[in-house]
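So the structure is just underneath, and the comments pick up after that.
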Amino acid sequence: MSFLFDEKEKVFLINTEKTSYAMALVDDVNLHHVYYGKKIQSTNLRYLLREDVYPFIPSTAKRETNGYIESATFEYPQTGMGDYRDSAFCVRSMDGYRASELVYAGYNVMAGKPKLEGLPATWGEKCETLQIYLEDKLLGLKVTLNYSVFDGNDAIIRSVFVENQGKEPVYLEKVLSSCVEMFNKDFEMMTLPGSWARERHIQKMPVGYGRQNAASFRGKSSPQEHPFMALVTPGTNQTQGEVYAMNFVYSGNFIAQVERNEFDFVRMTMGIHPEGFCWKLEPGDTFTAPEVVNVYSATGLETMTRTFHHLYREHLIRSPYLHKERPILINNWEATYFDFDEKKLIDIAKEASKLGIEMLVMDDGWFGKRNNDDCSLGDWQVNEEKLKGGLPYLVEEVKKLGMKFGIWFEPEMICPDSDLFRAHPDWAIQIPGRDIIQSRAQYVLDLTRQEVVDAVYDMIDQVLKSADISYVKWDMNRFLTNLGSAALPADRQGEIYHRFMLGVYQLQERLITDYPDLLLENCSSGGGRFDPGMLYYSPQIWCSDDTDAIERLAIQEGTALIYPLSTMGAHVSVCPNHAIGRTTPFETRGNVALAGTFGYELDITKLSDEEKELVKEQTKQYHKYHRLVADGEYYRLASYQENNAYDCFMVVNSDQSKALVFYVQVLSHAQVKSRFVPLRGLDEAKTYSVNGVTYTGDVLNNVGLRIDIEWGDFQSKIFEIEALS
Ligand code: DGJ
Numbered sequence: 030m031s032f033l034f035d036e037k038e039k040v041f042l043i044n045t046e047k048t049s050y051a052m053a054l055v056d057d058v059n060l061h062h063v064y065y066g067k068k069i070q071s072t073n074l075r076y077l078l079r080e081d082v083y084p085f086i087p088s089t090a091k092r093e094t095n096g097y098i099e100s101a102t103f104e105y106p107q108t109g110m111g112d113y114r115d116s117a118f119c120v121r122s123m124d125g126y127r128a129s130e131l132v133y134a135g136y137n138v139m140a141g142k143p144k145l146e147g148l149p150a151t152w153g154e155k156c157e158t159l160q161i162y163l164e165d166k167l168l169g170l171k172v173t174l175n176y177s178v179f180d181g182n183d184a185i186i187r188s189v190f191v192e193n194q195g196k197e198p199v200y201l202e203k204v205l206s207s208c209v210e211m212f213n214k215d216f217e218m219m220t221l222p223g224s225w226a227r228e229r230h231i232q233k234m235p236v237g238y239g240r241q242n243a244a245s246f247r248g249k250s251s252p253q254e255h256p257f258m259a260l261v262t263p264g265t266n267q268t269q270g271e272v273y274a275m276n277f278v279y280s281g282n283f284i285a286q287v288e289r290n291e292f293d294f295v296r297m298t299m300g301i302h303p304e305g306f307c308w309k310l311e312p313g314d315t316f317t318a319p320e321v322v323n324v325y326s327a328t329g330l331e332t333m334t335r336t337f338h339h340l341y342r343e344h345l346i347r348s349p350y351l352h353k354e355r356p357i358l359i360n361n362w363e364a365t366y367f368d369f370d371e372k373k374l375i376d377i378a379k380e381a382s383k384l385g386i387e388m389l390v391m392d393d394g395w396f397g398k399r400n401n402d403d404c405s406l407g408d409w410q411v412n413e414e415k416l417k418g419g420l421p422y423l424v425e426e427v428k429k430l431g432m433k434f435g436i437w438f439e440p441e442m443i444c445p446d447s448d449l450f451r452a453h454p455d456w457a458i459q460i461p462g463r464d465i466i467q468s469r470a471q472y473v474l475d476l477t478r479q480e481v482v483d484a485v486y487d488m489i490d491q492v493l494k495s496a497d498i499s500y501v502k503w504d505m506n507r508f509l510t511n512l513g514s515a516a517l518p519a520d521r522q523g524e525i526y527h528r529f530m531l532g533v534y535q536l537q538e539r540l541i542t543d544y545p546d547l548l549l550e551n552c553s554s555g556g557g558r559f560d561p562g563m564l565y566y567s568p569q570i571w572c573s574d575d576t577d578a579i580e581r582l583a584i585q586e587g588t589a590l591i592y593p594l595s596t597m598g599a600h601v602s603v604c605p606n607h608a609i610g611r612t613t614p615f616e617t618r619g620n621v622a623l624a625g626t627f628g629y630e631l632d633i634t635k636l637s638d639e640e641k642e643l644v645k646e647q648t649k650q651y652h653k654y655h656r657l658v659a660d661g662e663y664y665r666l667a668s669y670q671e672n673n674a675y676d677c678f679m680v681v682n683s684d685q686s687k688a689l690v691f692y693v694q695v696l697s698h699a700q701v702k703s704r705f706v707p708l709r710g711l712d713e714a715k716t717y718s719v720n721g722v723t724y725t726g727d728v729l730n731n732v733g734l735r736i737d738i739e740w741g742d743f744q745s746k747i748f749e750i751e752a753l754s
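This is the structure:
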């Protein structure tokens, strides 16, 4: 990695191992984007600024909108001064004017990364950051654009600081974190939309003139949209094509947008959604816009995926469980829903412990008077009528079986029917005079208030101190509405969404600091807040409430496009599946879940003897495969979403001596007896055993693995590959 400022050319060049990113100054004041792509060494790039080209009228004066501004490529475009494309930055002065002119004011190169106060962020020592300073003299604003690069990784990580050095407050109405401008290459936009139980499905569509975006202003990253966008050239597949990707290290509102203008330039932006955002910045204060991870690949999606996987494994996830074996868990949600007592849970744990399962997770329904989902969130005290002997008894019984114990919380919520709400009705986010919109009979706690954050944390802390608890499942089951906080003045109500997220992050930070050995799994109605922000606190996230093995193929494929397999909570459940009613073989449910962080979500006491034998086998397989799945290089070989017949992917360890191929034959076809799937990532000079049969690496990579068609739909197989020489 290197940073260079060519004084003569006035060009900044950031070089990673395989990519380059360049900016240039015009008249020493305006900072323009000139290049992002395959690695180059030269700073002879000023021709890309097209200073001699005018869009409409023959003038290249730099303060001329028709003649220059409308078609120039800006590094950090702003509202109000003649650029009619969507901006990255908008500020309103106390007088009500919406405009800024941020001009270049210098740069700095620092070892490491600046701290992003209160926010999740990539970390690590082998890193350098280029900081470019911009200033608006009239408003007294200093804006710092940060570009960080880690040794050995091609991602360029951007964040923005805005400091009010003036004498008056200002209102920040938009502070996006990243903007890249390019000439259109017939780009297609790739995003990961979905729904509850159908999260992160890969979608591709042409980039037309105008604006297209993926966005959430629900108060969380959401299952409907995902804070990821890639622009890809036509025909891009796993190994070919150009990819420009952005992923947001944030769990609240976001916008990821591409705008194609009349001159066929595209502006790609990402950051906190401006809808509902307005931050009052007092003199002397700084606002920090969260990180966007920018990745460019000249060699298809696989390279992009690898860059994200490595960055997140090496520089985002902090949990010690990243490198430790995660316990195989059994969760009682689909087994009992709210209908359980200590006896039922101990029965499940007894049976589970005999079959190799290592942790019992008690889900929703153990506190207050919660026997269905219409009450008690906020009353985090054990319901001792339901759990006789309380938590200490239950946990000790589970531990006697040699198992660990985990527990569910939904800390951000408060039910109207709860003692907490009766005591503190103003602790719910609400607009005075309006009824609060309910969702699943719950309101959202006003975590913009420190006393609310402290009170929630104290309750969680009491529970965790009362027994030996190894794991917390942190759920979040609604969106934010009625945005209003009793604690904020009128001109700070636009800060609620972001302050709420800062409250959530503070809670999770305290939890993992005070309980460093705790395994935290985030969850939000399934995978509704599966994002890099959450991965900073928890090494795994519940991927989806849809545990059907076939539906999971698309969900896990979309998720693994960016996130390491070890982050995907994946469980075996019963059939017909509770989310969609499909019946699949027990083996296939296991094989699909083994590609993530493995567990069960069923009443194990009700399984047949044959199924219990399969559980024994699967728990052994998990231990055998886990490190390979968690640390291995991931290769997507075939997608059921594309071929409508089968799914196939593999993981390979770093010295190419071990690999696993996961294959699911979704639909059976008459007279197709076998298929040949070329593998990737094996050493072509090595000889391998594949489930006991010998092949050479070159044959497996170039000709393919022969996979015989099984009788019936939904069949699956895992191939174990080991180097013989
Ligand atoms: C939603 C989660 O995704 C489920 O796994 C379960 O924990 C329920 N909430 C409990 O209310």
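With my numbering applied, the sequence shown has no gaps in its numbers, which climb one by one up to 754 at the end.
Just so you know, even glycine gets a beta-carbon here, dropped at the ideal spot from N, CA and C.
Looking at the C-beta of residue i, does it have a partner C-beta in chain C at a distance below 8 Å?
i: Asn673; result: Although the question refers to chain C, the structure presented lacks it and comprises just one protein chain.
How far does the beta strand (DSSP E) with residue i in it reach, from first residue to last?
i: Asp676; result: 675 to 681
i: Gln744; result: 744 to 752
i: Thr365; result: Element bounds for Thr365: not the beta strand (DSSP E) but the alpha helix (DSSP H), 362 to 365.
i: Gly385; result: Segment: none, Gly385 is in no beta strand (DSSP E) and carries neither H nor E.
i: Asn59; result: 59 to 67
i: Val706; result: 703 to 706
i: Val261; result: 257 to 261
i: Val411; result: Note, Val411: premise wrong, no beta strand (DSSP E); not H, not E.
Does DSSP classify residue i as helix, strand or coil?
i: Asn720; result: coil
i: Ser499; result: coil
i: Val287; result: strand
i: Tyr279; result: coil
i: Trp3; result: There is simply no residue 3 to check, as the chain begins at 30 and stops at 754 in what is shown.
i: His230; result: coil
i: Ile43; result: strand
i: Thr715; result: Reading off the sequence shown, one finds Lys at residue 715, where the question assumed Thr. DSSP places Lys715 in coil when its eight states are reduced to three.
i: Glu80; result: coil
i: Asn400; result: coil
i: Pro319; result: strand
i: Arg127; result: strand
i: Asp727; result: helix
i: Gly587; result: helix
i: Leu33; result: strand
i: Ile98; result: helix
i: Lys373; result: helix
i: Leu145; result: coil
i: Leu358; result: strand
Comparing C-alpha positions only, which one of the options sits nearest to residue i?
i: Asp490; options: Ile466, Ile436, Arg521; result: Ile436
i: Gly13; options: Leu631, Gly532, Tyr724, Leu564; result: In the structure as shown, the chain begins at 30 and stops at 754. Residue 13 is therefore absent and cannot be evaluated.
i: His655; options: Tyr97, Lys353, Ser129; result: Lys353
i: Tyr496; options: Ser514, Leu420, Tyr97; result: Checking the sequence, you will find Ala at residue 496 rather than Tyr. Per the Cα distances, Leu420.
i: Arg709; options: Tyr717, Gly726, Ser697; result: Gly726
i: Met218; options: Phe367, Leu330, Glu157, Cys552; result: Leu330
i: Ile591; options: His255, Lys433, Leu170; result: His255
i: Gln70; options: Met597, Leu42, Ser88, Ala90; result: Leu42
Taking DSSP's pairing of strands, which residues face residue i in a bridge?
i: Ala243; result: Ala285
i: Ala599; result: Phe627
i: Glu380; result: DSSP, once it has assigned bridges, lists no residue as partnering Glu380.
i: Pro235; result: Glu217
i: Ile161; result: Tyr136, Leu174
i: Met297; result: Val209, Val287
i: Lys353; result: Its beta-bridge partners do not exist; DSSP assigns none.
i: His418; result: The identity of residue 418 in the sequence shown is Gly, whereas the question assumes His. Looking at the DSSP assignment, Gly418 forms no beta bridge with any residue, so it has no partner.
i: Cys119; result: Lys203
i: Gly51; result: It is worth fixing the name first, because residue 51 is Ala in this sequence and not Gly. Paired residues: Leu42, Tyr64.
i: Ser326; result: Val272
Could you tell me the boundaries of the alpha helix (DSSP H) in which residue i lies?
i: Arg335; result: 329 to 344
i: Ala622; result: 615 to 622
inquiry  = As an exercise, report each continuous alpha helix (DSSP H) stretch of at least 4 residues that is fully enclosed by the region 627 to 684, in chain order.
reply    = 638 to 660, 669 to 672
query = Which runs of the beta strand (DSSP E), 3 residues or longer, sit entirely within the region 164 to 204?
reply = 170 to 179, 185 to 193
inquiry  = For a minimum of 4 consecutive residues, which ranges assigned as the alpha helix (DSSP H) are wholly contained in the region 425 to 504?
reply    = 448 to 452, 479 to 495
ask   = In chain order, which beta strand (DSSP E) runs of at least 3 residues are fully inside the region 497 to 585?
value = 500 to 503, 548 to 551, 569 to 571
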